[in-house]
Amino acid sequence: AAHAEAPPSANDDVLKIGLVYTLSGPAAALGEQARNGFMLFAEQNEMLGGMETEIIVVDDELRPDLASDKARELVARDAVDFVVGPIFSNVLIAIHRPVTETGTVLISTNAGTSNFAGAECNPNFFVTSYQNDQNHEVMGAYAESQGYQNVFLMAPNYQAGKDSLAGFKNSYTGGIAGEVFTELGQLDFSSELAQIAAFQPDALFTFMPGGMGVNLVKQYDQAGLSSIPFLSAFTVDETTLPATQDAAVGLLGGANWAPDMDNAANEAFVSAYIEKYGAVPGTYAMQAYDAAQLIHSAVEKLGGDLTDRAALRAALTEADFDSPRGDFAFGKNQFPIQDFYVVEAVKRDDGFYGTSIREQVFDDYVDNYADACEME
Amino acid sequence: MAETTLTDTRPARRPMAGRVRAAMILFAIFAALPPVAAAIDDPFLVLIGTRILAYAIAALALDLILGYGAMVSFGHAAYLGFGTYAVAVLSSYGINDIFLQVAAAMIVSALFALVTGAISLRTTGVYFIMITLAFGQMAYFFFVSLSAYGGDDGYGLRQRSTVLGSDMLENDFTLYYATLVVLIGLFWLCHRIVGSRFGRVLTGIRENRVRMEAIGYAPFRYQLTAFVISGCLTSVAGVFLANQAEFVSPAFVSWHRSGELIVMVVLGGIGTLTGAIGGAVAVLLLEEVLGSLTEHWKLWFGLFLVLMVLYSPHGITGVFKKLGLGGTKQ
Amino acid sequence: MTNLFVLQLLNGVQLGVLLFLIAAGLTLVFGIMDVVNLAHGVLYMVGAYLIATFAALTGSFWWGLLLMFPAAIVVGLVLEVLVIRRLYARSHLDQVLATFGLVMIANEAVKIIWGVSPLSVPMPELLSGSVPLMGPLQYPVYRIAIIAAGLAVALGLYVVVNHTRIGMLLRAGATNRTMVSALGIDIGKLFAIVFTMGGVLACFAGALVAPILSVDTGMGESVLILTFVVVVIGGIGSVKGAFFGAILVAVVDTVGGVFGPIWLRSVLDPSAAGQVGRMLAPMLVYILMAVILFAKPAGLFGGRG
Amino acid sequence: MLRVEGLEAAYGDSRILFGIDLQVGKGEVVTLLGRNGMGKTTTIKSIFGLLKPRAGTVQVNGEDLTGAEPHKIAHAGLGLVPEGRQIFPTLNVHENLVATARPGGKWTAPRIYELFPRLEERRRNMGSQLSGGEQQMLAIGRALMTNPRLIVLDEATEGLAPLIRADIWAVLAKLKAEGEAILVIDKNVDALTKFADRHVVIEKGQVVWTGTNTEILATPEVKDRFLHV
Amino acid sequence: MSRLEIRHLQKAFGALKVTDDVSLIVEPGELHAIIGPNGAGKTTFIAQLSGQLPSDSGDILLDGQSLMARSMAERVHLGLARSFQITSILPRFTVLENVALAVQARMGSSFRFFAPVAEEAALNETAMTVLAEAGLEDRAEVMASALSHGEHRRLELAIALATEPQILLLDEPLAGVGGEDAEAFVARLKRLKGKITMVLIEHDMDAVFQLADRVSVLVYGKIIATGTPDAVRRDPKVREAYLGEEEEAA
Ligand SMILES: Nc1ncnc2c1ncn2[C@@H]1O[C@H](COP(=O)(O)OP(=O)(O)OP(=O)(O)O)[C@@H](O)[C@H]1O
Ligand SMILES: Nc1ncnc2c1ncn2[C@@H]1O[C@H](COP(=O)(O)OP(=O)(O)OP(=O)(O)O)[C@@H](O)[C@H]1O
Ligand SMILES: [Mg+2]
Ligand SMILES: [Mg+2]
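For the protein sequence lines, the chains are A, B, C, D and E, in the order given.
Taking the numbering used here, the leading residue of the first sequence gets 1, the next gets one more, and so forth.
Taking the numbering used here, the leading residue of the second sequence gets 1001, the next gets one more, and so forth.
Taking the numbering used here, the leading residue of the third sequence gets 2001, the next gets one more, and so forth.
Taking the numbering used here, the leading residue of the fourth sequence gets 3001, the next gets one more, and so forth.
Taking the numbering used here, the leading residue of the fifth sequence gets 4001, the next gets one more, and so forth.
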């Protein structure tokens, strides 16, 4: 509904932040990483932006219908200043309007759908991750650069899956050995693997988030296909490596960061995370950590006065903090402009499994939809 | 699910007066909610309330066939889908009038119910449950494939429905009361249907199908009619849900939603209408309340369900009866 | 093409056998004891978590498998005594509600005990690797082992249910508990044994797949509906039905998923075929079920409705 | 063998039995008579623990089994042919016989088939696919297969053809001759008086008359007053 | 009153011919009894007549009109009602409601969705009349499941009669009814005689020989004799197949 209410909570001096993440069900591991990433920074800096800080964590259960209510609860009842989250695109679509229309700032730390990057960009909406297509485009460009002529494509049969293959094809012009859509939540890939074995493509590109990815990676190894390059996005990362372990070592993914990046901010972040949670952080954690940094920097700039929304937005767009990923700036659609890499799964020196930078593919990459955004 | 009722020794239908009274009390509480929310400065309550009311409509509609016809439809979320997507699709073509949207939702639902019901009614019991699930899933994957409306990501609405050109539903309070009025109207309607000639035949078929045939009823026609009515009413709930959530998505159509509707009806006490409404309130409120208390609320909710079944065979209605409230003496 | 077809057929059979292991327990408990147990998928998940735990503790898949059995028996018995036992005389809907509650409890408990990150179980050395199949194609030994284990269980169950007195008593008890006990049989004990046995089978299935799938909190739910589909297609209470239903569902799913699009492309233009194919593929199993139930309202081998 | 004292029972709030006393000695044939709805079946149910008695005791061979689980009572040597047959529909005829059988006595499947040849012809038929009379034969056979020491028949000849009915009376007479105890409910009082030892007449949940066979034959008023035949 | 004609009716379950070329004419107003050993196919025959079971071949004519293509419900509307060998009622409806439903089936549309049926005086009064005839009027408000066996049998008949049939098919209405109740039941059927055409299956020979105008003997799917009660009783074939020697004494 069109509430032209006054910006909430502008009059008290507590900084309230609502986190909306998927914390139950099979995808909970992703939400936990993001929550941990955010909380890590928040706890290191007890007073974000120098203000007394209250953080409300909400589980969206990966149910968009529920999430829209929970987001509204954060805005209307808890009067938060920022909503941070979610992991999944469908949840983002559900909470986007309820949050932004009240003037509250929504910072997505993972989902970045094309509509909100383009025509529907919104002054109250910021993204610290990427536009959804970008990681796929990275892999497309990598496949192109390797001179592959015959790539097998595979993704789950749902919107993000379709988008991912489209994204890959944006930057890959070679031949397609086969294109398979698997069932969402499919556990056994024997049938698809048999096809790959039969086609013997130059490489496989796949997008298999969460448990699906774990299963695919294990079975890929067992099927003896390791000789075929495995290019992926959101499939081989720090949330799935603890389960796939050796089976994933050597597989490739596209990302905007990896835990072994060589800069001071990153070292501080990764070592603190490992110490606190006993696991290697993934991009989910890093991007949420950056969201906390972003809020911190902006609120500090304003001296804790959040009444002037325009000033708040201006402070946020400056993105004045040290991201573990290095270069970071907002484009005019308030999506990041950043570098992208091909990363490889490795067994780290500390015994954990993690991803490691293999090569940079894009430099200060702007997403394809920003032009359609008519902000500013 | 013909055999379902065999172990149930309650009378097929009990005097309605007590239940109607209980429903009246519920409606009065609903009506008092917005002023209370305003008084304690918590307008969010009204939004939750609207969602509860919308689900209550759906549960009520399901109880009509589940409680009175022993047709346990495990695909009823499909009709929520037709309702929500009627709003989304029509509004994307600039048609925002709620009456047109409801009409469209009902027509599509009636057709779907007619075809799938006719096929499903060849089976009974658990087979019926599963075949309705199959059709529900087909509807689900159909909505997932609607790329123009976001596929499984869903689709945000740009505005709520209008009433004869007025955008009064943009006000959360008005939307709430509109939903409440529809719920009361449909409760009254279902109440009359259940007590009518048609309702008695429907219940009779549930009790003993062969006997009903032997006195001259063709069960199929009555069951199918009830199935279609129920589907249409459920789609109305979908229209209000879409307006409440301001977005639509296949999530409304997943089998979890169908299951949740069954849980509401059974938890409330099947074949009582009032129970369905009470069940919707109980399930959604518990989710809210437990969810705000503990991260592991599902554990407690599950425990609650198990204990309810073990210790209160007739659901929440049973609890109230034991306390001497709401029910009538026999 | 034919090679691929044969391979997909094998894959279908392997998936089918696995489905059968889960469905067998469900159909027994459902058909024979007349209990709709939504928590059956949970047992499958628990089996996987148990072997993951024991295998990690002992460092060996085989020890893990061995230790899984007594633990599974305990889980089954506890469940039966605390909850299921009180549901025998209740309506199906009550059973649905209570066992749905159990699912929620179990999923949350697993999350509390084992955390949200997926676990994994190493493949036993003995069964890793592949055997050559016709031509250049290979087939993993472990999957062959799954097929063998499933077939053995199928045979054993068939004999028990259809050709032993226990089987007769179970079938009798399903329709008329009181009469069976009035004729001198302690049916409570009997049902406890069957429920536990069904639970152990589900746990066994979970343990079997642990080396090839990730062990996570969602695995129970993902098989539950499919298992019900299998049970219903086969006909409730029929072990034979569960077997053929499982194979049918799995083969249609695997083979149809691969060859359906190819066939669609031959009748439609490619982009329409792609779209229709993507819409139909996930529906395939449900379409199969609807068609079968339309033709045979009590499933392929079902007696009662 | 069986001793019932002061048995009271009710369905929910409606009390049906108000103190039934009844005994069946070894080798004795006792009938339970009464018009429709007087509580005969309810008495049987209470004895077998299918309905928990509200008061009174049920003793089998001196052991108090009041309200015990039905299978314990059956194990003490009671075999039941219930009202309404209650055949297991999903078992075939043969399975119906052997499923609950307690071997070791003189009753075996071949002997049952000898008794009811019709059952042998239909031995592969499912219980649900039997005619009413065939089901009745099967119910009797099934009870005999538990080799009971006291067999309880509740309207066991209902719906049987006269020929078969006569066969059953003959069987009961034979059982009696072999020393088995029988408790029987039947509306064919005349047939019963040919081999019963004692009769118990109940009305509205109470025993209103008991006596030996000779007494009932000698006092026709009993039949007129309580049974109206 | 109607006339029922059965021509060459057949029904087999697998290899078992349960109804084996049965032809029979039931004259208007007649009470025609069918007797025969257990498993002879009597219930099956009734089920075929009423439409519960499809027939393999043959024809059934009601007043010259073929019923073969008609559903069970349609046959009832044409005036063919039946009672069940094993009591079949609506257990969780009251006795009155059980009968009122049957009255409703006859009296007009059941697609009425709003008016409260419980207040329809016409239905309830007619039902009460039927119950009064059955001697169940003081049980009208009792849940049907709480009736005793004998009362169930009476209710069973009352429901069938409430559809005001032209032809009534009775499958062992006396099963389990004893003593006075049985006598009352027989008296009741006697009163109906001449008003309704009846087909009666019964193993109670007293009742059969008191009531029947004609008797047919069905043995394993075939009619082996038809005639007056006396003629049938004396038929040696019938004695051998069904009656035995017991009846001689009776
Ligand atoms: N399940 C029940 N619930 C409530 N009342 C019942 C139930 N079963 C029987 N009754 C009542 O109990 C009384 C005694 O019934 P019971 O079946 O013991 O009679 P019976 O002597 O066996 O009669 P019959 O000769 O008709 O079989 C009857 O009045 C009947 O209405
Ligand atoms: N569905 C079925 N499948 C196979 N055989 C069946 C089926 N139904 C009945 N029968 C068999 O058909 C025969 C006739 O059964 P029916 O019930 O018509 O006999 P009936 O003459 O009514 O006997 P009764 O006097 O004992 O009731 C029986 O032998 C029975 O076993
Ligand atoms: Mg009785
Ligand atoms: Mg019969």
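Glycine included, C-beta positions come from ideal geometry on N, C-alpha and C.
Per-residue contacts from residue i into chain B (C-beta, under 8 angstroms)
{"i": "C:Met2104", "result": "Lys1298, Leu1299, Phe1301, Gly1302 and Leu1305"}
{"i": "E:Val4232", "result": "Here the premise fails: no neighbours, minimum Cβ distance about 29 angstroms."}
Interface residues of chain C facing residue i [CB-CB closer than 9 angstroms]
{"i": "A:Ala29", "result": "Gly2115, Val2116, Ser2117, Pro2118 and Asp2216"}
Reduced DSSP category for residue i - H, G, I as helix; E, B as strand; rest coil
{"i": "A:Asp339", "result": "strand"}
{"i": "B:Thr1162", "result": "strand"}
{"i": "B:Arg1206", "result": "helix"}
{"i": "E:His4152", "result": "helix"}
{"i": "B:Leu1066", "result": "helix"}
{"i": "D:Thr3230", "result": "Outside the displayed span of chain D (3001 to 3229) sits residue 3230 of chain D, for which this structure offers no information."}
{"i": "A:Leu252", "result": "strand"}
{"i": "B:Tyr1311", "result": "helix"}
{"i": "C:His2279", "result": "Strictly speaking, residue 2279 of chain C in this sequence is Met, with His absent from that position. In this structure, C:Met2279 counts as helix in the three-state DSSP scheme."}
Burial state of residue i, where buried means 16 or more other Cβ atoms lie within 10 Å
{"i": "B:Asn1243", "result": "buried"}
{"i": "A:Ala247", "result": "buried"}
{"i": "D:Asp3013", "result": "exposed"}
{"i": "A:Pro8", "result": "Confidence is the limiting factor: at A:Pro8 the pLDDT is only 48, short of 50, which leaves the residue's position unreliable, though a coordinate-based value still follows. The residue is buried, with at least 16 neighbouring Cβ atoms inside 10 Å."}
{"i": "D:Trp3209", "result": "buried"}
{"i": "D:Tyr3011", "result": "exposed"}
{"i": "E:Phe4111", "result": "exposed"}
{"i": "D:Glu3063", "result": "exposed"}
{"i": "B:Lys1329", "result": "Unreliable positioning characterises B:Lys1329 in this predicted model, as indicated by a pLDDT of 33, which lies under 50. The coordinate reading is nonetheless provided below. Exposed is the call here."}
{"i": "E:Ser4050", "result": "buried"}
{"i": "B:Gly1191", "result": "Just to set this straight, residue 1191 of chain B is His in the shown sequence, not Gly. Buried, by the Cβ-count rule."}
Under 9 angstroms by beta carbon: chain B residues contacting residue i
{"i": "A:Arg313", "result": "Near A:Arg313 there are no residues of chain B at all, since even the closest Cβ is about 21 angstroms away, more than 9 angstroms."}
Contacts that residue i makes with chain D (C-beta to C-beta distance below 7 angstroms)
{"i": "C:Val2180", "result": "Thr3100"}
Proximal residues of chain B, C-beta to C-beta of residue i below 7 angstroms
{"i": "C:Phe2294", "result": "Ile1119 and Arg1122"}
Residues that residue i contacts on chain C, provided the C-beta gap is smaller than 8 angstroms
{"i": "D:Arg3142", "result": "Leu2183"}
Any C-beta of chain F under 8 angstroms from that of residue i
{"i": "B:Val1228", "result": "The chain labelled as chain F is not found among the protein chains of the depicted structure, namely A, B, C, D and E."}
Residues of the stretch 1247–1278 of chain B with Cβ closer than 8 angstroms to any Cβ of chain C, in chain order: Residues Trp1255, Gly1259, Ile1262, Val1263, Val1266, Leu1267 and Ile1270.
In the stretch 4110–4140 of chain E, which residues sit with their C-beta less than 7 angstroms from some C-beta in chain B, listed in chain order? Cβ contacts with chain B: Ser4110, Phe4111, Arg4112, Phe4113, Phe4114, Ala4115, Pro4116, Val4117 and Ala4118.
Beta carbons nearer than 7 angstroms to chain D: which residues of the stretch 4198–4210 of chain E have them? Within the stretch 4198–4210 of chain E, the qualifying residues are His4203 and Met4205.
Taking contact to mean 3 or more Cβ pairs, one atom from each stretch, closer than 8 angstroms, check whether the stretch 2120–2131 of chain C and the stretch 2052–2067 of chain C are in contact. Result yes; three or more Cβ-Cβ pairs closer than 8 angstroms.
Taking Cβ-Cβ distances below 8 angstroms as the criterion, which residues of the stretch 214–227 of chain A are in contact with chain C? Within the stretch 214–227 of chain A, the residues whose Cβ lies closer than 8 angstroms to some Cβ of chain C are Val214, Asn215, Lys218, Gln219, Gln222, Ala223 and Gly224, listed in chain order.
What are the residues in the stretch 4030–4056 of chain E lying within 9 angstroms of chain D by C-beta distance? Cβ contacts with chain D: Ile4035, Gly4036, Pro4037, Asn4038, Gly4039, Ala4040, Gly4041, Lys4042, Thr4043 and Thr4044.
Between the stretch 1040–1050 of chain B and the stretch 69–86 of chain A, can you find at least three pairs of beta-carbon atoms closer than 8 angstroms? Result yes; three or more Cβ-Cβ pairs closer than 8 angstroms.
Is there contact between the stretch 223–235 of chain A and the stretch 260–273 of chain A, where contact requires at least three CB pairs shorter than 8 angstroms? These segments do not touch.
Measuring CB atoms only, is the stretch 3096–3107 of chain D touching the stretch 3136–3145 of chain D, in the sense that at least three cross pairs come out at less than 8 angstroms? Enough Cβ pairs lie closer than 8 angstroms, so yes.
If contact means a Cβ-Cβ distance below 8 angstroms, which residues of the stretch 3045–3065 of chain D contact chain E? Cβ contacts with chain E: none found.
With 8 angstroms as the limit, tell me which residues of the stretch 4165–4189 of chain E have their beta carbon closer than that to any beta carbon of chain D; keep them in chain order. The residues in question are Glu4172, Ala4175, Gly4176, Val4177, Gly4178, Gly4179, Glu4180, Asp4181, Ala4182 and Glu4183.
Quick test of the definition: if touching needs 3 or more C-beta pairs under 8 angstroms, does the stretch 324–336 of chain A touch the stretch 205–223 of chain A? No contact exists between the stretch 324–336 of chain A and the stretch 205–223 of chain A.
Assess, as a yes-or-no matter, whether the stretch 331–340 of chain A is touched by the stretch 356–368 of chain A under the definition of 3 or more beta carbon pairs within less than 8 angstroms. As far as the Cβ criterion goes, the stretch 356–368 of chain A touches the stretch 331–340 of chain A, which means the pair count is three or higher.
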